[in-house]
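Okay, structure first, notes after.
Residue numbers (our numbering), protein chains in the order written: chain U, 1 to 174; chain X, 1001 to 1528.
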């Protein structure tokens, strides 16, 4: 027999504790429907940002968190474009790094995205991440820099040119 | 909570607390294992999130102190996320390592902080605080929950709160202010996600029922109360399922124990930081709301490195003891009610499934007869058989732990049976006086034979050269001891059921009662 003394006034605390246990169990109870779209936790989004992976179709809040994690872990941040230096894409100036766009003379539909590092940069970044105004981020591999300049050749209708030409987009280098 | 109530809970809180919590419980480390241990980390977090009583915001205060220490250990922009959200499994050792790595880059950036053997000690101008490494996995889970809740909408504000706290972080009041700001926001979240679905009515029904059959000023909970309550209240939606009723009683017993403990703690000291006024700081035990809360040994075996060893087969060895291990001490407090759950719980679940998939009245009628219910004697005998298997596994684990030892001194002095030797060896107990060499030899031969007779994953001689495998056996050994003790205690409790009345007689009577009740509940007759 389990017999317990109930002190005057203890019932209220007991009710509270009982509700707490029941609610906590309900949180822990694995939901029957696992087929629903899975959300990523803050930790998993952070891990994806560090590893350069792009999370699949996440909500605006998650994208915003992911973009902030990219910004926090980037070596260079070039958030807003300055006045346009070409007809298509504005140049970007960051601390220790610039990005400018040049049209190819040989192929009119091609552009060079030139990433220039300040002298004295120890290692060159390996990826360029561009996030649009809705915080959808895309990662592009950066070739090894020569004389402090790394360049990507992009078609005029490419995703990179669409993103980087948007003055509201933010660019990060890692 | 029955399936319907759970569904209601989940439906009511969809995209809210349940979903926010599920994201965390689904999160994995790079090796695919859960990022947070279910017990104690997730259970403690769940209890904290739904807590309405005193000290409900204490963990925010602890978190703020830890954030303050993290800010003082590193200047990197992402220092907080790197510390709290690093992808590996959240463990005390991992947080110790992260802190040490940050400090290796340049030590503490501010004065007043020190890294101790147990954790981080912070000395403020107006007080002091310590956060232990053991507490950090819980605080990391809380940080991650706060960061991700309500689709990350609170995250920017959370960072602002921490940034502003850091500006005045030499002062404990700044920490308190930050903690209060988080608590204030979280209270709104808690209110909007929890209040509409909380069901206080359940408690009132249960407490009223028990008080009416107990002497004044006391509450008595026994096996008969569980069955009587179900018989009386099952017509109402909340308590239709016997399993739900059994769980409600288990929760009630836990609430009684916790309530009694908190009453006595309140008399002993209040929790706070003002030592001069006799208040005490929370430590690791603050996360342990439930005192010595039971953890199923099977859950322990599911975690690496023990998970790499197949101790039990799923269907024949693990499944029969799963519920007994899940309920732990509660099954011992209500042994007959538990046996009823084992025998008739599956029958009721099957009826529910029949109704859901439209199998028809004939199927429900057949099940409601309870002809397919497992007799009590068979269930108890099954536990006895699993106990024998566990003893064999204990011998095998003993061999795994001592095969490479120069001598098997640790704890062997108390050797009377291989199981007792195993217990001591698992604990790596210091040796005082060794038994005779022949005794040791006999034990090792017996253990080796047991080990070699098991042809399952992990039970191979070659694998015993692997440190991780040995650690798996050491952890598994603890779980086997706990599982064996639980079965032994339950067998003893089952032996006392009815005193003199045989279990089969009791089973036949209960089968009649459950069958009648199922027929009434599901509106079928077994005589058609």
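Note that beta-carbon positions come from the ideal geometry of N, C-alpha and C, so glycine has one too.
- Flagged as an interface residue toward chain X: residue 6 of chain U, by a C-beta distance shorter than 9 Å.
- Assignment of residue 93 of chain U by DSSP, reduced to helix, strand and coil, places it in the strand class.
- For the segment 1314-1361 of chain X, the full-length alpha helix (DSSP H) segments reaching 4 residues or more read 1319-1327, 1329-1333, 1335-1357 along the chain.
- Residue 123 of chain U and residue 174 of chain U have their C-alpha atoms some 10 Å from each other.
- Under the 8 Å Cβ criterion, the segment 102-116 of chain U counts as touching the segment 151-165 of chain U, having at least three qualifying pairs.
- Listed along chain U, the residues sitting closer than 8 Å to residue 1017 of chain X by beta-carbon distance are 27.
- Shown here for residue 1515 of chain X: same chain residues with a beta carbon closer than 8 Å to its own, the five before and five after excluded, namely 1368, 1369, 1370, 1526 in chain order.
- Nearest CB-CB separation between residue 1077 of chain X and chain U: below the 9 Å threshold.
- Listed in chain order, the non-local C-beta contacts of residue 1511 of chain X below 7 Å within the same chain comprise 1370, 1373, local neighbours out to five positions each way being set aside.
- Taking the C-beta atoms as reference points, residue 1324 of chain X is found no nearer than 9 Å to residue 1344 of chain X.
- At a beta-carbon threshold of 7 Å, the residues of chain U lying near residue 1087 of chain X are 43, 47, ordered along the chain.
- Proximity of chain U to residue 1506 of chain X at the Cβ level (cut-off 7 Å) is not reached, the minimal Cβ distance being about 18 Å.
- Residue burial is scored here from C-beta neighbours: residue 1144 of chain X has at least 16 other C-beta atoms within 10 angstroms and is therefore classed as buried.
- Closer than 7 Å at the C-beta level to chain U, one finds these residues of the segment 1126-1154 of chain X: 1144, 1147, 1148, 1151, 1152, 1153.
- Under the DSSP assignment, residue 1377 of chain X falls outside any beta strand (DSSP E), being part of the alpha helix (DSSP H) whose first and last residues are 1376-1402.
- Taking C-beta separations shorter than 7 Å and ignoring five residues to either side along the sequence, the partners of residue 1017 of chain X in its chain run 1049, 1193, 1194, following chain order.
- Bridge partners of residue 117 of chain U according to DSSP: U:97.
- Not flagged as an interface residue toward chain X: residue 133 of chain U, since no C-beta distance is shorter than 9 Å.
- The DSSP-derived three-state label of residue 1027 of chain X is coil.
- Residue burial annotation: residue 1 of chain U is exposed, with fewer than 16 other C-beta atoms found within 10 angstroms of its C-beta.
- Nearest CB-CB separation between residue 22 of chain U and chain X: below the 9 Å threshold.
- Per DSSP, reduced to three states, the secondary structure at residue 73 of chain U is helical.
- Setting aside the 5 residues that flank it on each side, residue 64 of chain U is surrounded in the same chain by 135, each with a C-beta closer than 6 Å to its C-beta; the list follows chain order.
- Only those residues of the segment 1032-1055 of chain X whose C-beta falls short of 8 Å from the nearest C-beta of chain U are listed: 1035, 1038, 1042, 1043, 1046, 1047, 1049, 1050, 1051, 1052, 1053.
- Per DSSP, the beta bridge partners of residue 170 of chain U are U:131.
- Residue environment for residue 3 of chain U: exposed (fewer than 16 other C-beta atoms within 10 angstroms of its C-beta).
- A residue is called buried when at least 16 other Cβ atoms come within 10 angstroms of its Cβ; residue 1458 of chain X meets this threshold and is buried.
- The residue from X:1304, X:1452, X:1253 with its alpha-carbon nearest to that of residue 1334 of chain X is X:1253.
- When DSSP states are grouped into helix, strand and coil, residue 1518 of chain X belongs to the helix group.
- With the criterion set as a beta carbon lying under 9 Å from some beta carbon of chain X, the segment 147-163 of chain U has no members that meet it.
- Rounded to whole angstroms, residue 1297 of chain X and residue 48 of chain U show a C-alpha spacing of 33 Å.
- Fewer than three beta-carbon pairs drawn from the segment 1-20 of chain U and the segment 1019-1039 of chain X are found closer than 8 Å, and the two stretches are therefore not classed as touching.
- Between residue 1234 of chain X and residue 1449 of chain X, the beta carbon gap of about 52 Å keeps them out of contact (Cβ cut-off 8 Å).
- At the C-beta level, residue 171 of chain U and residue 67 of chain U stay beyond 9 Å of one another.
- At the C-beta level, residue 1039 of chain X and residue 1299 of chain X come within 9 Å of one another.
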